[in-house]
Amino acid sequence: MTNRRTKGAGSVFRDAKGTWHFRKDLGPDPVTGKRRVIEARGKVKSEVRARFEAKLAEAERTGITHPDASPTLRDWCNTWLADYVTRVKPTTYRTRAGRLNAICDIIGHVRLVKLTPEHVRTCMRALGERLAPTTLKDHYVSLKMVLDQAELDGLIPLDPCRKVKPPRVE
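Take the sequence shown: its letter number 121 is residue 121 in the UniProt record's numbering, and every next letter is one higher.
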């Protein structure tokens, strides 16, 4: 009895010429809309599998999307705020937009897939010099909301805020 691969694991087949193909469809790129496919081919199945798994691991590590196609943090914040304004009261929106603007003044130029926990820590340190602890935590929460949505939309593999301790409120 043969074992079936799980759904979404990709396809493995051998063509008429004896070449092994490993292929996985990653769905459309959220920015460009083009289909993303990872593929490896070769004569020896074990070597092709190793190359395919290495490509797949690299894609997962880098966030799959091409870094140049990824929006900057400022662009994504503007997109997120356009959706957010429809769900909250005007004063809540103004407060959240002001906090995100302060964050974007510091790290808004960084592309989402290049954003690291160190960027977040640097931003929080810079804001912490002039803000009260409670206000700083509110800024952190605002950034986390934006990056959580980017993760859900597939723009980043993991929200960098998850690896940063939130500012302490005393």
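Note that beta-carbon positions come from the ideal geometry of N, C-alpha and C, so glycine has one too.
What first and last residue would you give for the alpha helix (DSSP H) that runs through residue i?
i    : result
V146 : P133 to L152
I107 : P90 to I107
L73  : L73 to Y84
P117 : P117 to G128
Grab me the residues of residue i's own chain with a C-beta within less than 7 Å of its C-beta, minus the 5 sequence neighbours each way, in chain order.
i    : result
M145 : none
L136 : M124, L127, G128 and P167
P67  : Because P67 sits at a pLDDT of 48, beneath the cut-off of 50, its placement in the model cannot be relied upon, and the following sentence gives the value as read from the coordinates. Taken in chain order, the residues that qualify are R111, V113 and K114.
Q149 : W80
E58  : none
For the candidate residues the options, whose alpha-carbon lies nearest to that of residue i?
i    : options                  : result
R99  : E118, V113, A82 and V141 : V141
V164 : I106, V120 and D75       : V120
P71  : D29, T86 and K55         : D29
W20  : V88, G33, E39 and R96    : E39
L112 : S46, L147, G42 and D15   : L147
W76  : P90, E151 and L131       : E151
L158 : L131, V88 and P117       : P117
V48  : I106, R14, L131 and V88  : R14
G108 : R130, L131 and L143      : L143
N101 : H139, G42 and L155       : H139
G42  : K17, R61, G33 and E60    : K17
E60  : P160, T91 and I156       : I156
P45  : D83, V12 and P160        : A quick correction: the sequence has Lys, not Pro, at residue 45. Closest option to K45, Cα to Cα, is V12.
Residues in the same chain with beta-carbon distance under 8 Å from residue i, minus the five sequence neighbours each way, listed in chain order, please.
i    : result
D25  : G10, R35, R36 and V37
N78  : none
V169 : P133, T134 and K137
I106 : T122, C123, A126 and L127
V88  : R96
By Cβ distance, which residues of its chain are closer than 6 Å to residue i, with the 5 residues on each side in sequence left out?
i   : result
Y93 : V85
L56 : I38
F52 : F22 and A40
R74 : C104 and G108
Quick one: give me the first and last residue of the beta strand (DSSP E) that residue i is part of.
i   : result
G42 : R35 to G42
G27 : W20 to P28
R14 : S11 to R14
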